[in-house]
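Going letter by letter, the sequence shown gives residues 10 to 193 in the numbering used here. Built from N, CA and C at the ideal position, the CB exists for glycine as well. These figures come from a predicted structure and were not determined experimentally. Before any comments, here is the structure.
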Amino acid sequence: MALKIRMARGGSKKRPVYRVVVTDSRNPRDGKFIEKLGMHDPLLSNDHPQRFAVNEERVRYWLSVGAQSSDRVNRYLAKLGIEKAQERFEQTKKNQPKKKAQERIAVDIKKQQAAAELAAQPQAEPEVLVEEAVIDVVAEEAPVVQAEDVITEVEADVVSEEAPAVTETSEEESTPDASEEPSA
């Protein structure tokens, strides 16, 4: 009998919860099992201790008897240090892009590297110029002006800018009579 340690789905629609069980490999996924070893709740955060909780002693027993863990269970058991992680095979050449696509990717990478180098160079120069300018400004001291001197200067300017008084003239003198005709 080929024993498997795998997950059996439970829970409601869109809310999965898995039981980690030992079962015969020929049984259906959610079918009968020999022993329940723990639970897996994928809706909990990755660092939550109850996301993948198993009885380590029983898992070790079933592994010693000859049970094989599924790929997913193997990954979780490897994280817990119970079982050695299975080797992952490198992908074949078929999954890689074709030659023209690889050339385009290489050209794009070169363009990005060139842009990064250009962006890095101008940033270094303005920083030096700013530091020199700050040093020059600090070295020069502005003359100290007292507030009383400024107030007297402003009052003098305000007095000199006043408009001259306007003299009023009578309306008869300023507007020509309508009875008189303009001379042409």
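Expected contact under 8 Å - CB spacing of Q95 and K13 to nearest Å:
Position 86 of the sequence shown holds residue 95. Position 4 of the sequence shown holds residue 13. 14 Å between Cβ atoms; not a contact.
Meets three-Cβ-pair contact criterion under 8 Å: the stretch 119-130 and the stretch 48-65:
no
Endpoints, the beta strand (DSSP E) within which L72 is located
As a position in the sequence shown, residue 72 is number 63, starting the count at 1. From DSSP, L72 is part of no beta strand (DSSP E) but of the alpha helix (DSSP H) over E65 to V74.
Quick check: the stretch 16-30 against the stretch 39-52, are at least 3 beta-carbon pairs closer than 8 Å?
yes
Range of the contiguous beta strand (DSSP E) that encloses L89
Counting from 1 along the sequence shown, the entry for residue 89 is found at position 80. No beta strand (DSSP E) holds L89; the alpha helix (DSSP H) holding it covers D80 to L89.
What does DSSP give as the partner residue(s) for I14 in the beta ladder?
Residue mapping note: residue 14 aligns to position 5 of the sequence shown, counting from 1. Its beta-bridge partners are V31 and S78.
Tell me whether L86 is buried or exposed, calling it buried when 16 or more other Cβ atoms sit within 10 Å of its Cβ.
For the purposes of this step, residue 86 is taken as residue 77 along the sequence shown, with counting starting at 1. By the neighbour-count rule (16 or more Cβ atoms within 10 Å), L86 is buried.
Determine the DSSP secondary structure at E92, reduced to helix, strand or coil.
Position 83 of the sequence shown, counting from 1, holds the residue named residue 92. Of the three classes helix, strand and coil, the one that applies to E92 here is coil, per DSSP.
Cα-Cα separation between Q100 and K23, rounded to whole angstroms
The count along the sequence shown starts at 1 and reaches residue 100 at position 91. The count along the sequence shown starts at 1 and reaches residue 23 at position 14. Cα-Cα distance, rounded: 32 Å.
Backbone secondary structure at K108 - three-state DSSP
Position 99 of the sequence shown, counting from 1, holds the residue named residue 108. Helix, per DSSP.
Measure the C-alpha to C-alpha separation of S54 and S34 and round it to an integer number of angstroms.
Position 45 of the sequence shown, counted from the start, is the residue given in the question as residue 54. Position 25 of the sequence shown, counted from the start, is the residue given in the question as residue 34. Near 30 Å, if we compare the C-alpha coordinates of S34 and S54.
Please state whether DSSP places L52 in a helix, a strand or coil.
Here residue 52 corresponds to residue number 43 of the sequence shown, with the count starting at 1. Residue state, collapsed to three classes: coil.
DSSP state of K45 mapped onto helix, strand, coil
In the sequence shown, the residue the question calls residue 45 occupies position 36. Three-state DSSP puts K45 in a strand.
Cα separation between R84 and Q130?
To locate residue 84, count along the sequence shown from 1; it is residue 75. To locate residue 130, count along the sequence shown from 1; it is residue 121. Approximately 45 Å between the Cα atoms of the pair.
CA-to-CA distance, P37 to R18, given in whole angstroms
Mapped onto the sequence shown, residue 18 falls at position 9. Mapped onto the sequence shown, residue 37 falls at position 28. Cα to Cα, the separation comes out at about 11 Å.
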